[in-house]
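In this note's numbering, the protein residues as written are 24 to 220.
The structure appears right after this line, and notes come after that.
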């Protein structure tokens, strides 16, 4: 697997830009669209925690375990969310996609489909990944449905895995896409972007 260096990924609807400290106000505005930090099953930072959220993501980039992005709308030029590669394990050619959230106004649009297409294409076709993982909270049913729509296969559930911000401990539902499955997954994502809405 090639090294995960910061890169901008360009799509028709969005572009994924390497996260920087200068994105703080844009991420705050995106999270305020729907007050996303109030959702129990997401990792969206509260407004006053956004700088720390970015700093932690950049520390992950520095130590080679993460590659964080902000999601910018091509139509408006505004930051509309965040996503990243994480749990990068180069010696087995594996990355995971996660920490993904979008402003409420762009949810259930082409944004998520195109972001996943961009990230998966880069992972499989540029980085040379053998597998890309995705994970979510056991009570985040919308995220589970979205991951399944990608064509990812459910690997299982890690019980009592991660502490939520409210102090409860979640089970984590794990999914993955193998390199051999990528051509079919890619065709499906491209079809979903092109089909009439």
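Yeah, the Cβ is synthetic: ideal placement off N, Cα and C, and Gly gets one too.
Measure the C-alpha to C-alpha separation of residue i and residue j and round it to an integer number of angstroms.
i, j, result
"residue 85", "residue 211", "34 Å"
"residue 51", "residue 26", "30 Å"
"residue 28", "residue 90", "8 Å"
"residue 140", "residue 177", "19 Å"
"residue 72", "residue 218", "39 Å"
"residue 30", "residue 40", "7 Å"
"residue 207", "residue 150", "19 Å"
"residue 215", "residue 171", "14 Å"
"residue 60", "residue 126", "11 Å"
"residue 199", "residue 74", "30 Å"
Give the secondary structure of residue i by DSSP, where H, G and I count as helix, E and B as strand, and everything else as coil.
i, result
"residue 89", "strand"
"residue 158", "strand"
"residue 117", "strand"
"residue 99", "coil"
"residue 34", "coil"
Can you tell me whether residue i is buried or exposed, with buried defined as 16 or more other CB within 10 angstroms of its CB?
i, result
"residue 137", "buried"
"residue 119", "buried"
"residue 106", "buried"
"residue 183", "exposed"
Assuming residue i is part of the alpha helix (DSSP H), what are its boundary residues?
i, result
"residue 48", "47-55"
"residue 195", "Taken as a continuous stretch (DSSP letters only), residue 195 belongs to no alpha helix (DSSP H), being part of the beta strand (DSSP E) at 192-201."
"residue 206", "205-217"
"residue 150", "Run containing residue 150: none; DSSP gives neither H nor E here."
"residue 141", "133-144"
State yes or no: is the C-beta of residue i within less than 8 Å of the C-beta of residue j?
i, j, result
"residue 97", "residue 134", "no"
"residue 81", "residue 42", "yes"
"residue 194", "residue 161", "yes"
What are the boundary residues of the beta strand (DSSP E) that includes residue i?
i, result
"residue 185", "176-186"
Using beta carbons (cut-off 8 Å, strictly below), is residue i in contact with chain B?
i, result
"residue 95", "The displayed structure is made up of one protein chain only, and chain B is not part of it."
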